[in-house]
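Novice: Please read through the structure below; I'll follow up with questions.
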Amino acid sequence: MSAQTSFTKTQSIALPLPGGNAPYNIASGQINNDVFPDIVVSTTIGDHVYWLLNDGTGSFTLQTTPIGILNNAGGVAIADLNNDGFNDVVSTSSDDGKIVWFANDGNGNFGTEQIINNALSGPGQVYIRTIDNNSTPDVAVSAYFGNEVVWFANDGNGNFGSKNIINNTIMGPGAFAMEDIDFDGDIDSVIGNALAFGTPNDCRIEVFYNDGNGNFTADTNVVSLNTKDYIFSIMAEDVDNDSSLDILVTDITGDASWFKRTQVALGTATYSETVISTSIANPACLDLRDLDNDNQKDFVLTSASSGSGNDIVWYKGDGIGGFGPEQIIDATQNQAYTITFADFENDGDLDTATIAYGDDAVNIFRNERITLTVPENTAPTVKLYPNPVINELYLNTQYTEPQSISIYDMLGRKVIVETISNGNPIRVSQLERGTYILVMNEQNIVQKFIKQ
4 MSAQTSFTKT QSIALPLPGG NAPYNIASGQ INNDVFPDIV VSTTIGDHVY WLLNDGTGSF
64 TLQTTPIGIL NNAGGVAIAD LNNDGFNDVV STSSDDGKIV WFANDGNGNF GTEQIINNAL
124 SGPGQVYIRT IDNNSTPDVA VSAYFGNEVV WFANDGNGNF GSKNIINNTI MGPGAFAMED
184 IDFDGDIDSV IGNALAFGTP NDCRIEVFYN DGNGNFTADT NVVSLNTKDY IFSIMAEDVD
244 NDSSLDILVT DITGDASWFK RTQVALGTAT YSETVISTSI ANPACLDLRD LDNDNQKDFV
304 LTSASSGSGN DIVWYKGDGI GGFGPEQIID ATQNQAYTIT FADFENDGDL DTATIAYGDD
364 AVNIFRNERI TLTVPENTAP TVKLYPNPVI NELYLNTQYT EPQSISIYDM LGRKVIVETI
424 SNGNPIRVSQ LERGTYILVM NEQNIVQKFI KQ
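So this is what it looks like as structure tokens:
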């Protein structure tokens, strides 16, 4: 199967002033306990954290009651922190030096802020991951002026322990990511700093390995040293399908690139850089997502610039580290600092939303790719049931031999890999509510289902 992928702006939602002044971060996830992903945004000058309700068709309504009010609200993240089945929201106040969370009652009504820590210096970006291997979601945050990236252990009920250091030697850490970089079953970190625009090429990018208990040790080799000016965005993903996570970064002063990571020994890897050519003069947020449903991740880039020029572009990935020509998603907004992806319309492909910092707005873009299907005249008899599903999913096919299947969420992440026979269940109870794609790997058959 093949299909053209393009994007249409379906909404530009003005945030109310003064609270909506200068939106900076955006995240998507289920807020009101249906199966449709909603949106959360923070505003740095407006000092608010808002959420926008998705009606299931990709149409959003700004909720007039904010989640919270925080001085210079920065990072936002969505997860169930207190194990009640409802997604909560974490955010930071850079001016007040605190990271807090807001409990959700399942209907999008949020309690007062609960402090995780209020003794940080310039907290910014937030990640939620299980860091100490106890199955509860912990919280990590960068503290720019404190020159540290730290994490806080969650007891599973939303009670957080004292500060734990990931790193405190990199000056001015801004962007960081938390993933299992060395594939040993625990969450590692990659950190880049943003030292404003003083000395040229003074940035450092480093990987830190987790021992499984939340203690971090630096890779013997740095990813990059003194070749970048201002690391704005960073992530760890497998770019070339070699079963090893690579490092992707943007330098807001002018380039985007990825570093191929090759592990040579425990705790030691080498890194080689490939620059991605772009029309964007000031690259901001990057992401790697399968936008055209070909099971290959594509590269997406936003612009920190205001005025004329492309604001969101994407490059089709070939699965082995190469990317096609630049394709424009949008050129109508100002300072699209951050971006989020989800299947907002529940049609089987990834849509996207950005904040426009200079326009005080949130913009929604529909992916016009045709929904994944198998032509009727060639499709074998395949049935997934029950659909929607809560705990166990069954696959009924014409094939008598066991089938290799993979299940992907709508961000393109592989969440389940199994070999399954007719009549045997696929356990999906651990998955979050939402839409998923099941791929029969050997038959190239694709089916969509909803997890409730």
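Using this note's numbering, the first residue of the sequence shown is number 4, and each one after it goes up by one.
Ideal placement from N, C-alpha and C gives every residue a C-beta, glycine not left out.
Everything numeric in this text was worked out from a predicted model, so none of it was measured.
Determine, using beta carbons only, whether residue 177 and residue 235 come nearer to each other than 8 Å.
Specialist: The residue given as residue 177 occupies position 174 in the sequence shown. The residue given as residue 235 occupies position 232 in the sequence shown. It is a contact, given that the beta carbons lie within the stated cut-off.
Novice: Whether or not the segment 277 to 289 and the segment 297 to 314 are in contact is what I'm after, with contact meaning three or more pairs of Cβ atoms, one per stretch, closer than 8 Å; do they touch?
Specialist: These segments touch.
Novice: So, helix, strand or coil for residue 443, using DSSP?
Specialist: The residue given as residue 443 occupies position 440 in the sequence shown. Correct three-state label for residue 443: strand.
Novice: Decide yes or no for the touch test of the segment 262 to 273 against the segment 346 to 359: beta carbon pairs closer than 8 Å, at least 3 of them.
Specialist: No contact exists between the segment 262 to 273 and the segment 346 to 359.
Novice: What first and last residue would you give for the beta strand (DSSP E) that runs through residue 155?
Specialist: For this step, residue 155 is matched to residue 152 along the sequence shown. Note, residue 155: beta strand (DSSP E), 151 to 157.
Novice: Rounded to whole angstroms, how far is the Cβ of residue 305 from the Cβ of residue 339, which I believe are closer than 8 Å?
Specialist: The residue labelled residue 305 in the question sits at position 302 within the sequence shown. The residue labelled residue 339 in the question sits at position 336 within the sequence shown. Yes, they are in contact, since the Cβ atoms of residue 305 and residue 339 sit about 4 Å apart, within 8 Å.
Novice: To the nearest angstrom, how far is the alpha carbon of residue 404 from that of residue 425?
Specialist: Taking the sequence shown and counting its residues from 1, one reaches residue 404 at position 401. Taking the sequence shown and counting its residues from 1, one reaches residue 425 at position 422. Computed Cα separation, rounded: 8 Å.
Novice: What three-state label does DSSP hand residue 40 in the structure shown?
Specialist: The residue labelled residue 40 in the question sits at position 37 within the sequence shown. The answer is coil: DSSP assigns residue 40 none of H, G, I, E or B.
Novice: If you check the beta carbons only, do residue 46 and residue 23 fall under 8 Å apart?
Specialist: Working through the sequence shown from its first residue, we reach residue 46 at position 43. Working through the sequence shown from its first residue, we reach residue 23 at position 20. Yes.
Novice: Compute the distance between the beta-carbons of residue 131 and residue 80, then report whether it is under 8 Å.
Specialist: In the sequence shown, counting from the first residue as 1, residue 131 sits at position 128. In the sequence shown, counting from the first residue as 1, residue 80 sits at position 77. Yes. Within cutoff.
Novice: Quick one: is residue 388 buried, meaning 16 or more other Cβ sit within 10 Å of its Cβ, or exposed?
Specialist: In the sequence shown, residue 388 corresponds to position 385, counting from 1. Exposed, because fewer than 16 other Cβ atoms sit within 10 Å of the Cβ of residue 388.
Novice: Pull the bridge partners of residue 93 from the DSSP assignment, please.
Specialist: As a working note, residue 93 is residue 90 in the sequence shown. Residue 93 is bridged to 80, 104.
Novice: Taking only the alpha-carbon atoms, compute the straight-line gap between residue 347 and residue 332 and give it to the nearest angstrom.
Specialist: If you number the sequence shown from 1, residue 347 lands on position 344. If you number the sequence shown from 1, residue 332 lands on position 329. For residue 347 and residue 332, the distance between alpha carbons rounds to 16 Å.
Novice: Under three-state DSSP, which class holds residue 21?
Specialist: For the purposes of this step, residue 21 is identified with residue 18 of the sequence shown, where counting begins at 1. Three-state result, residue 21: coil.
Novice: Does the beta carbon of residue 122 fall short of 7 Å from some heavy atom of the ligand COA?
Specialist: Ligands displayed in this structure: none; no statement on the ligand COA is therefore possible.
Novice: Grouping DSSP H, G and I as helix and E and B as strand, with all else coil, what is residue 329?
Specialist: As a position in the sequence shown, residue 329 is number 326, starting the count at 1. DSSP places residue 329 in strand when its eight states are reduced to three.
Novice: Residues in its own chain within less than 8 Å of residue 140 by CB, not counting five upstream and five downstream?
Specialist: As a first step, residue 140 must be located in the sequence shown, where it is residue number 137. Cβ within range, chain order: 82, 83, 84, 131, 132, 133, 157.
Novice: Do you know how far the Cα of residue 172 is from the Cα of residue 416?
Specialist: Here residue 416 corresponds to residue number 413 of the sequence shown, with the count starting at 1. Here residue 172 corresponds to residue number 169 of the sequence shown, with the count starting at 1. Residue 416 and residue 172: Cα-Cα distance of roughly 32 Å.
Novice: Among all the DSSP beta bridges, which residues are the ones paired with residue 428?
Specialist: Here residue 428 refers to the residue found at position 425 when the sequence shown is read from its first residue. For residue 428, which the question treats as bridged, DSSP gives the partners 397.
Novice: Residues bridged to residue 265 by DSSP?
Specialist: As a position in the sequence shown, residue 265 is number 262, starting the count at 1. 273, per the DSSP bridge assignment.
Novice: What are the partner residues of residue 411, as DSSP defines its beta bridges?
Specialist: Taking the first residue of the sequence shown as 1, we reach residue 411 at position 408. Looking at the DSSP assignment, residue 411 forms a beta bridge with 417, 440.
Novice: Quick one: what's residue 386 bridged to in DSSP?
Specialist: Here residue 386 corresponds to residue number 383 of the sequence shown, with the count starting at 1. DSSP, once it has assigned bridges, lists 399 as partnering residue 386.
Novice: Taking C-alpha atoms, which residue in 445, 342, 407, 302 lies nearest to residue 42?
Specialist: Residue mapping note: residue 42 aligns to position 39 of the sequence shown, counting from 1. Closest by alpha carbon: 342.
Novice: Quick one: grab the DSSP three-state call for residue 62.
Specialist: Counting from one through the sequence shown, the residue named residue 62 turns up at place 59. Three-state result, residue 62: coil.
Novice: Whose C-alpha, out of 287, 253, 295, 144, is nearest the C-alpha of residue 277?
Specialist: Within the sequence shown, residue 277 is the residue found at index 274, counting from 1. Cα-wise, what sits closest to residue 277 is 253.
Novice: If you reduce the DSSP assignment to three classes, tell me which class residue 132 lands in.
Specialist: As a position in the sequence shown, residue 132 is number 129, starting the count at 1. Strand, per DSSP.
Novice: If residue 368 sits next to residue 11, beta carbons under 8 Å apart, how far is it from one beta carbon to the other, in whole angstroms?
Specialist: The residue given as residue 368 occupies position 365 in the sequence shown. The residue given as residue 11 occupies position 8 in the sequence shown. Contact flag correct, Cβ pair sits at about 7 Å.
Novice: On the three-pair Cβ rule with 8 Å, is the segment 235 to 247 touching the segment 178 to 196?
Specialist: Touching, yes, given that three or more Cβ pairs across the two stretches are closer than 8 Å.
Novice: Hey, out of 423, 287, 61, whose CA is closest to residue 402's CA?
Specialist: Mapped onto the sequence shown, residue 402 falls at position 399. Closest by alpha carbon: 423.
Novice: Could you pull out every residue in the same chain whose Cβ sits closer than 6 Å to the Cβ of residue 37, ignoring the five residues on either side in sequence?
Specialist: As a first step, residue 37 is located in the sequence shown; it is residue number 34 there, counting from the start. Contacts found: none.
Novice: Any contact of the segment 90 to 99 with the segment 58 to 66, i.e. 3+ C-beta pairs under 8 Å?
Specialist: Short answer: they don't touch.
Novice: Give the secondary structure of residue 233 by DSSP, where H, G and I count as helix, E and B as strand, and everything else as coil.
Specialist: Mapped onto the sequence shown, residue 233 falls at position 230. Strand at residue 233.
Novice: Does DSSP put residue 207 in a helix, a strand or coil?
Specialist: The sequence position of residue 207 within the sequence shown is 204, counting from 1. Residue 207 falls in the strand class under three-state DSSP.
Novice: Ordered along the chain, which non-local residues of its own chain (more than five positions away) have a Cβ less than 7 Å from that of residue 436?
Specialist: Here residue 436 corresponds to residue number 433 of the sequence shown, with the count starting at 1. Excluding residues within five positions, the ones whose Cβ falls inside 7 Å are 33, 38, 454, 455.
Novice: According to DSSP, which residues form a beta bridge with residue 166?
Specialist: Taking the sequence shown and counting its residues from 1, one reaches residue 166 at position 163. DSSP output for residue 166 lists 155 as bridge partner(s).
Novice: Rounded to the nearest angstrom, how far is the Cβ of residue 215 from that of residue 136, given a contact under 8 Å?
Specialist: To locate residue 215, count along the sequence shown from 1; it is residue 212. To locate residue 136, count along the sequence shown from 1; it is residue 133. The pair is a contact, with the Cβ atoms about 5 Å apart (cut-off 8 Å).
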